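S.K.: The sequence shown lines up with residues 24 to 441 when you count with the working numbering.
Structure provided below as structure tokens; questions to follow.
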Amino acid sequence: MLYIPNAKGSYKDQDIGEIPSPELLYVPLAPYKWELVCVLQKGDRVLRNQVLAQSTGDSAFCLHASVSGLVGEVVDIDGYPHIEIYNDFKNERLVCEPMDLSRVDRAAFISRLAAYGIEGSGGARFPTSLKYSFGAHSIETLIINGAECEPYLSADYVLMKFYSDALAEAAAFIQRLFEIKQVVIAIERQHKKLRPILEQSLLRHQVQGRVHLLPDSYPQGGELQLIKSVTSKVISKGTLPASQGILMNNVGTLYAIYTAFFEARPYTERLVTLYDELNDKGMNCWVPIGTPISHLANAFFKPTISNYGLGYILGGPMMGRPISDSRTPMNKGTAGLLRMKERKSNISNCIGCGYCADVCPQHLLPWEFSRNTSEGRTDKLAVFNLMDCIECGACAFVCPSEIPLVQDIRRGKILMKN
Numbered sequence: 024m025l026y027i028p029n030a031k032g033s034y035k036d037q038d039i040g041e042i043p044s045p046e047l048l049y050v051p052l053a054p055y056k057w058e059l060v061c062v063l064q065k066g067d068r069v070l071r072n073q074v075l076a077q078s079t080g081d082s083a084f085c086l087h088a089s090v091s092g093l094v095g096e097v098v099d100i101d102g103y104p105h106i107e108i109y110n111d112f113k114n115e116r117l118v119c120e121p122m123d124l125s126r127v128d129r130a131a132f133i134s135r136l137a138a139y140g141i142e143g144s145g146g147a148r149f150p151t152s153l154k155y156s157f158g159a160h161s162i163e164t165l166i167i168n169g170a171e172c173e174p175y176l177s178a179d180y181v182l183m184k185f186y187s188d189a190l191a192e193a194a195a196f197i198q199r200l201f202e203i204k205q206v207v208i209a210i211e212r213q214h215k216k217l218r219p220i221l222e223q224s225l226l227r228h229q230v231q232g233r234v235h236l237l238p239d240s241y242p243q244g245g246e247l248q249l250i251k252s253v254t255s256k257v258i259s260k261g262t263l264p265a266s267q268g269i270l271m272n273n274v275g276t277l278y279a280i281y282t283a284f285f286e287a288r289p290y291t292e293r294l295v296t297l298y299d300e301l302n303d304k305g306m307n308c309w310v311p312i313g314t315p316i317s318h319l320a321n322a323f324f325k326p327t328i329s330n331y332g333l334g335y336i337l338g339g340p341m342m343g344r345p346i347s348d349s350r351t352p353m354n355k356g357t358a359g360l361l362r363m364k365e366r367k368s369n370i371s372n373c374i375g376c377g378y379c380a381d382v383c384p385q386h387l388l389p390w391e392f393s394r395n396t397s398e399g400r401t402d403k404l405a406v407f408n409l410m411d412c413i414e415c416g417a418c419a420f421v422c423p424s425e426i427p428l429v430q431d432i433r434r435g436k437i438l439m440k441n
């Protein structure tokens with residue numbers, strides 16, 4: 024575990040800011056590991072909350088329009104399909120039918136999660152309907168992941184501060200429906216002022232649970248790491264946590280569940296952090312899913328021609344990815360957009376210090392991944408369990424040789440899949 028200094032204390036307690044809606048959106052058509060099929064044609068008018076696309080086969084996972092306007096082309100961005108929506112700024116909505124929550128059973132709950140496009144907001148974008156399809160397993164503990172250990176990101180903090188009652192109401196509903204013994208909201212110690220706010224909300228909504236304080240170290244938000252911190256249970260990679268009586272949702276996912284059931288709204292917007300290291304300023308704001316980073320850059324970062332598109336990271340600085348296309352949009356798993364100062368790397372040969380292995384939360388050997396990826400040795404990558412890597416970036420952060428370990432790991436995973 025590492026301690027990584029950050030600047031989010033300067034803006035995390037500010038009121039939620041506003042960014043104007045974009046003229047053109049690119050809504051991703053490839054959540055998790057499958058591609059969705061459009062149900063509308065180019066030129067069709069669409070309302071906010073209307074279904075844009077859905078999956079084929081057994082799952083009925085749906086994607087919805089985040090603004091009203093006209094449907095455009097399906098375009099390729101970074102190798103993935105996206106559907107264009109030309110915003111008419113009328114914000115006309117399809118009013119969805121509310122549910123009688125007293126009559127919702129588990130099957131209806133799971134069906135609505137898929138129909139309303141609820142997926143993991145912490146980054147992996149795993150469909151929440153599949154997470155709750157755990158069969159006959161009995162859940163003892165629901166963990167709400169509010170760790171948000173990435174430097175600069177504070178969107179989950181803001182959700183917990185300003186929407187604590189909504190989160191508690193959703194947790195109470197889930198607890199009753201699935202007969203869960205306890206709900207645990209896990210937050211970092213640096214955010215301990217949220218503890219009484221969350222505890223009061225849990226009490227108001229009669230949630231049987233508690234708030235758990237975590238050390239201010241990185242990484243804390245990984246599923247297996249957080250389960251161990253909260254319950255002391257060690258779950259091996261590939262084991263379904265539900266089989267051990269544990270279920271976990273990110274704070275953003277829990278809020279999306281709240282809006283789906285208590286406000287009859289699909290997942291069409293999310294709270295994100297914008298941080299500009301060049302000017303040392305940050306804010307949190309709601310953005311429609313599909314908002315391109317070029318729009319956010321012009322509205323918040325105000326780039327010049329010389330630096331436009333350079334230094335932008337989608338997500339956090341540790342696990343996020345650099346932007347290569349200005350059309351790249353904010354998706355349901357994107358917690359932030361950062362503009363970082365340019366840093367020159369002085370890459371040198373591995374000195375065998377072992378620091379990367381010391382900090383690895385999965386107890387892996389990152390230098391072996393880098394070496395065997397360079398040599399194209401997929402057999403060795405399998406032997407050293409490359410696919411168990413969660414790409415947290417801790418190894419690259421401590422490497423004295425500044426070897427781009429995470430990039431090598433990602434290249435290695437592509438090699439293994441091919």
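Glycine included, C-beta positions come from ideal geometry on N, C-alpha and C.
Since the model is a prediction, treat every value here as computed from it, not as a measurement.
#1: In this structure, how does DSSP classify V421 when only helix, strand and coil are distinguished?
#2: What does DSSP give as the partner residue(s) for G304 in the beta ladder?
#3: For L263, is the classification buried or exposed, using 16 other Cβ atoms within 10 angstroms of its Cβ as the cut-off for buried?
#4: Let me check one thing: in DSSP terms, what residues is C85 bridge-paired to?
#5: Quickly, what does DSSP pair A209 with across the bridge? List them, please.
#6: Give me the Cα-Cα distance between Y331 and N354, rounded to the nearest whole angstrom.
#7: Out of curiosity, what's the CA-to-CA distance linking C418 and D111?
#8: Assuming V253 is part of the alpha helix (DSSP H), what are its boundary residues?
#9: When you compare only the Cα positions, how much space is there between N72 and S91?
#10: Once the 5 residues before and after E173 are set aside, which same chain residues still bring their CB inside 6 Å of it?
#11: Would you kindly report the start and end of the unbroken beta strand (DSSP E) that includes P51?
#12: P352 and P121: beta carbons closer than 8 Å?
#13: Once DSSP output is grouped into helix, strand and coil, what is the label at L270?
#14: Express the C-alpha separation of A191 and V310 in angstroms, rounding to a whole number.
#15: By DSSP's criteria, Y139 is part of a beta bridge. Which residues make up the other side?
#16: Check for me: the alpha helix (DSSP H) holding R227 runs from which residue to which?
#17: Quick check on G332: does DSSP put it in helix, strand or coil?
#18: Thinking just about the alpha-carbon of each residue, which of C379, K256 and D239 is nearest to the one in L247?
#19: Could you spell out where the alpha helix (DSSP H) holding Y378 opens and where it closes?
#20: Roughly how many angstroms separate the alpha carbons of L48 and G375, rounded to a whole number?
#21: Under the assumption that F185 contacts Y155 (Cβ atoms under 8 Å), give the Cβ distance between them as a whole number of angstroms.
#22: Between which two residues does the alpha helix (DSSP H) carrying L361 extend?
#23: Apply the 10 Å Cβ neighbour rule to K364 and answer buried if 16 or more other Cβ atoms are within range, or exposed otherwise.
#24: Relative to the C-alpha of E202, which residue among I162, P345 and E171 is closest?
#25: Taking only three categories from DSSP, how would you classify Y180?
#26: Helix or strand or just coil, what does DSSP make of G40?
#27: Looking at C-alpha atoms only, which residue of E96, L200 and N395 is the closest neighbour of A130?
#28: Using a Cβ-Cβ cut-off of 6 Å (strictly less than) and excluding sequence neighbours within five positions of R434, which residues of its own chain qualify?
#29: Can you tell me which of V382, R400 and C119 puts its alpha carbon nearest to the alpha carbon of C415?
#30: Please check the pair F420 and L25, which I expect to be a contact at CB under 8 Å, by giving their CB distance rounded to whole angstroms.
#31: Please return the same chain residues whose Cβ sits closer than 6 Å to the Cβ of V97, not counting the five positions on each side in sequence.
#32: Might you give, ordered along the chain, the residues of its own chain that have their beta carbon closer than 7 Å to the beta carbon of S44, omitting 5 neighbours on each side?
#33: Quickly, what does DSSP pair E107 with across the bridge? List them, please.
#34: With a threshold of 8 Å, are at least 3 pairs of Cβ atoms found where one atom belongs to the segment 275-283 and the other to the segment 135-147?
#35: Just the Cα atoms here: how many angstroms apart are P423 and W390?
#36: If I measure Cβ to Cβ from R362 and keep anything under 7 Å in the same chain, skipping five residues before and after, which residues do I get?
M.R.: Reading from the atomic positions:
#1: Residue 421 sits at position 398 when you count from the first residue of the sequence shown. Of the three classes helix, strand and coil, the one that applies to V421 here is helix, per DSSP.
#2: As a working note, residue 304 is residue 281 in the sequence shown. A small fix is needed here, since residue 304 is Lys in this sequence, not Gly. Its beta-bridge partners are D299.
#3: Counted from its first residue, the sequence shown places residue 263 at position 240. It is exposed - the Cβ of L263 has fewer than 16 other Cβ atoms within 10 Å.
#4: Looking up residue 85 in the sequence shown gives position 62. Partner(s): Q77.
#5: On the sequence shown, position 186 is the one that residue 209 refers to. A209 is bridged to N168 and H235.
#6: Mapped onto the sequence shown, residue 331 falls at position 308. Mapped onto the sequence shown, residue 354 falls at position 331. With a pLDDT of 49 at Y331, under the threshold of 50, the modelled position of this residue cannot be trusted; read the value that follows with caution. Using only the alpha carbons, I get a separation of about 21 Å.
#7: If you number the sequence shown from 1, residue 418 lands on position 395. If you number the sequence shown from 1, residue 111 lands on position 88. Taking the straight line joining both Cα atoms gives about 46 Å.
#8: On the sequence shown, residue 253 is found 230 positions in, with the first residue counted as 1. E246 to T254 is the extent of the alpha helix (DSSP H) around V253.
#9: As a working mapping, residue 72 is identified with position 49 in the sequence shown. As a working mapping, residue 91 is identified with position 68 in the sequence shown. Rounded to whole angstroms, N72 to S91 spans 8 Å at the Cα level.
#10: If you number the sequence shown from 1, residue 173 lands on position 150. G339 and M341.
#11: For the purposes of this step, residue 51 is identified with residue 28 of the sequence shown, where counting begins at 1. Where P51 is concerned, the enclosing beta strand (DSSP E) stretches over L47 to P51.
#12: Numbered from its first residue, the sequence shown carries residue 352 at position 329. Numbered from its first residue, the sequence shown carries residue 121 at position 98. No.
#13: Counting from one through the sequence shown, the residue named residue 270 turns up at place 247. Strand at L270.
#14: As a first step, residue 310 is located in the sequence shown; it is residue number 287 there, counting from the start. As a first step, residue 191 is located in the sequence shown; it is residue number 168 there, counting from the start. Just so you know, the alpha carbons of V310 and A191 end up roughly 23 Å apart.
#15: On the sequence shown, residue 139 is found 116 positions in, with the first residue counted as 1. DSSP output for Y139 lists no bridge partner at all.
#16: Position 204 of the sequence shown, counting from 1, holds the residue named residue 227. L217 to R227 is the span of the alpha helix (DSSP H), which, as asked, contains R227.
#17: As a working note, residue 332 is residue 309 in the sequence shown. Because G332 carries a pLDDT of 49, less than 50, the predicted location of this residue cannot be relied on, and the following value inherits that uncertainty. Residue state, collapsed to three classes: coil.
#18: Within the sequence shown, residue 247 is the residue found at index 224, counting from 1. Minimum Cα distance to L247 is reached at K256.
#19: Against the sequence shown, residue 378 aligns to sequence position 355. Start and end: Y378 to V382.
#20: For the purposes of this step, residue 48 is taken as residue 25 along the sequence shown, with counting starting at 1. For the purposes of this step, residue 375 is taken as residue 352 along the sequence shown, with counting starting at 1. Approximately 47 Å, taken between the alpha carbons.
#21: On the sequence shown, residue 185 is found 162 positions in, with the first residue counted as 1. On the sequence shown, residue 155 is found 132 positions in, with the first residue counted as 1. Not a contact, Cβ separation roughly 26 Å.
#22: Taking the first residue of the sequence shown as 1, we reach residue 361 at position 338. Note, L361: premise wrong, no alpha helix (DSSP H); beta strand (DSSP E) at G359 to R362.
#23: Start at 1 with the first residue of the sequence shown, and residue 364 comes out as number 341. Its Cβ having fewer than 16 others within 10 Å, K364 is exposed.
#24: Reading the sequence shown from its first residue, position 179 is the one you call residue 202. Selected option, being the one with the closest Cα: I162.
#25: Within the sequence shown, numbered from 1, the residue matching residue 180 stands at position 157. In this structure, Y180 counts as helix in the three-state DSSP scheme.
#26: The sequence position of residue 40 within the sequence shown is 17, counting from 1. It is a strand residue.
#27: If you number the sequence shown from 1, residue 130 lands on position 107. The residue with the shortest Cα to Cα distance from A130 is L200.
#28: Indexing the sequence shown from 1 puts residue 434 at position 411. Excluding positions up to five away in sequence, the list reads T396.
#29: Taking the sequence shown and counting its residues from 1, one reaches residue 415 at position 392. It is V382.
#30: Looking up residue 420 in the sequence shown gives position 397. Looking up residue 25 in the sequence shown gives position 2. F420 to L25, Cβ: 6 Å. Contact.
#31: Reading the sequence shown from its first residue, position 74 is the one you call residue 97. Result list for V97: P104 and I106, in chain order.
#32: Position 21 of the sequence shown, counting from 1, holds the residue named residue 44. Hits under 7 Å: V90, N110, F112 and P311.
#33: As a first step, residue 107 must be located in the sequence shown, where it is residue number 84. DSSP, once it has assigned bridges, lists Y49 as partnering E107.
#34: yes
#35: In the sequence shown, residue 423 corresponds to position 400, counting from 1. In the sequence shown, residue 390 corresponds to position 367, counting from 1. When rounded, the distance between both Cα atoms is 12 Å.
#36: Position 339 of the sequence shown, counting from 1, holds the residue named residue 362. Contacts found: D299, E300, L301, F324, G334 and Y335.
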